[in-house]
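Participant: The structure that follows is given in the form of structure tokens.
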Ligand code: AMP
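Residue numbers (the working numbering): -16 to 197.
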């Protein structure tokens, strides 16, 4: 199964993708995560992406399209995958169509997570992850059961994304509305779009997505 999650930063795409990985045995392909690995490694690609990511803008289409195209050729994608954070522009959506038809693949579901923009700043600025296992937490909405200790792995080291600050979040939301929101119409026109209420509780959103997938 090939699945795409659409929605603004903070909509919960990453959280839901992790749950769907477990439920369906498919893997999450987050272009944001891939870019952060490149930035951390200091690769040429990472150097090109770093400043743009820190300003909340979008990395160039060519770079992203090449990165995802080679990633989906890996063996671990054979059982299916969840696109999280890609595509983010109309040229990326069009390139994905070409890529899928060239590779003989089919996109099974496009799920839009509908959320209120106003809530996204608080969601994003409060979020953090366990540095050991990547489990996600939030200052207000999802604290570890025991303060400072990861529920999943017992780790005590946590990290926050450098672009999860209030100023950058506003630029990221702006980029979403200007450049990414039009692809909602792109998939609606194709008849492949399904929508879920991303403001619902995390479990409820997962249930809604599973119902849409059928
Ligand atoms: P994310 O983890 O999805 O919030 O992505 C973090 C940042 O990586 C974004 O703010 C962009 O700068 C960059 N990025 C991730 N995916 C894409 C994409 N498909 N196109 C352009 N830039 C991207």
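Glycine included, every Cβ here is placed at the ideal spot set by N, Cα and C.
For residue 0 and residue 112, I'd like the C-alpha separation in whole angstroms.
Facilitator: As a working note, residue 0 is residue 17 in the chain shown. As a working note, residue 112 is residue 129 in the chain shown. C-alpha separation (whole angstroms): 15 Å.
Participant: As a quick exercise: from 138, 15, 109, 187, pick the residue whose alpha carbon is nearest that of residue 71.
Facilitator: The residue labelled residue 71 in the question sits at position 88 within the chain shown. The residue with the shortest Cα to Cα distance from residue 71 is 15.
Participant: Distance check for residue 9 and residue 89, CA to CA, integer angstroms please.
Facilitator: For the purposes of this step, residue 89 is taken as the residue at position 106 of the chain shown. For the purposes of this step, residue 9 is taken as the residue at position 26 of the chain shown. Going from the Cα of residue 89 to the Cα of residue 9 covers about 15 Å.
Participant: Residues in its own chain within less than 6 Å of residue 11 by CB, not counting five upstream and five downstream?
Facilitator: Position 28 of the chain shown, counting from 1, holds the residue named residue 11. Within the same chain, residue 11 has close Cβ partners 0, 4, 65, 67.
Participant: Taking the alpha helix (DSSP H) that residue 123 falls in, what are its first and last residues?
Facilitator: Stepping through the chain shown from its first residue, residue 123 is reached at position 140. Run containing residue 123: none; DSSP gives neither H nor E here.
Participant: Buried or exposed: where does residue 143 fall if 16 or more other Cβ atoms within 10 Å of its Cβ makes it buried?
Facilitator: Indexing the chain shown from 1 puts residue 143 at position 160. Counting Cβ neighbours within 10 Å, residue 143 comes out exposed, since fewer than 16 surround it.
Participant: Ends of the beta strand (DSSP E) at residue 66?
Facilitator: The sequence position of residue 66 within the chain shown is 83, counting from 1. That run of the beta strand (DSSP E) goes 64 to 67.
Participant: Alpha carbon to alpha carbon, how far is residue 75 from residue 32? Give it in angstroms, no decimals.
Facilitator: As a working mapping, residue 32 is identified with position 49 in the chain shown. As a working mapping, residue 75 is identified with position 92 in the chain shown. For residue 32 and residue 75, the distance between alpha carbons rounds to 16 Å.
Participant: Would you kindly check if the distance between the Cβ of residue 188 and the Cβ of residue -5 is under 9 Å?
Facilitator: Stepping through the chain shown from its first residue, residue -5 is reached at position 12. Stepping through the chain shown from its first residue, residue 188 is reached at position 205. Yes.
Participant: Pairing CB atoms from the region 149 to 164 with CB atoms from the region 37 to 56, are three or more of them under 8 Å?
Facilitator: Yes: at least three Cβ pairs fall under 8 Å.
Participant: Considering Cα atoms alone, identify which of 62, 105, 196 is closest to residue 150.
Facilitator: Translated into positions along the chain shown, residue 150 becomes position 167. Residue 105 is the option with its Cα nearest to residue 150.
Participant: How is the beta strand (DSSP E) around residue 93 delimited, first residue to last?
Facilitator: Along the chain shown, read from residue 1 onward, the residue named residue 93 stands at position 110. Per DSSP, residue 93 belongs to the beta strand (DSSP E) from 92 to 97.
Participant: Consult DSSP for residue 129 and reduce its assignment to one of helix, strand or coil.
Facilitator: Translated into positions along the chain shown, residue 129 becomes position 146. Here residue 129 sits in strand by DSSP.
Participant: Use the C-beta contact count for residue 34: other C-beta atoms within 10 angstroms, 16 or more gives buried, fewer gives exposed.
Facilitator: Counting from one through the chain shown, the residue named residue 34 turns up at place 51. Classification of residue 34: exposed, given that the 10 Å Cβ count is below 16.
Participant: Please go through the same chain and pick out, in chain order, the residues whose beta-carbon is closer than 6 Å to the beta-carbon of residue 122, but skip the five residues on each side of it.
Facilitator: As a position in the chain shown, residue 122 is number 139, starting the count at 1. Cβ within range, chain order: 109.
Participant: Using C-beta distances below 6 Å, list every residue in its chain close to residue 163, excluding the 5 sequence neighbours before and after it, in chain order.
Facilitator: Taking the chain shown and counting its residues from 1, the one referred to as residue 163 is at position 180. Within the same chain, residue 163 has close Cβ partners 71.
Participant: Comparing alpha-carbon positions, which option in 52, 98, 58 lies nearest residue 84?
Facilitator: Position 101 of the chain shown, counted from the start, is the residue given in the question as residue 84. Nearest option by C-alpha distance: 52.
Participant: Expressed to the nearest angstrom, what Euclidean distance is found between the alpha-carbon atoms of residue -10 and residue 132?
Facilitator: On the chain shown, position 7 is the one that residue -10 refers to. On the chain shown, position 149 is the one that residue 132 refers to. Taking the straight line joining both Cα atoms gives about 30 Å.
Participant: In the region 122 to 183, which residue ranges form an unbroken beta strand (DSSP E) of at least 3 residues, counting only runs that do not cross its ends?
Facilitator: As far as the region 122 to 183 is concerned, its whole beta strand (DSSP E) runs of at least 3 residues are 176 to 180.
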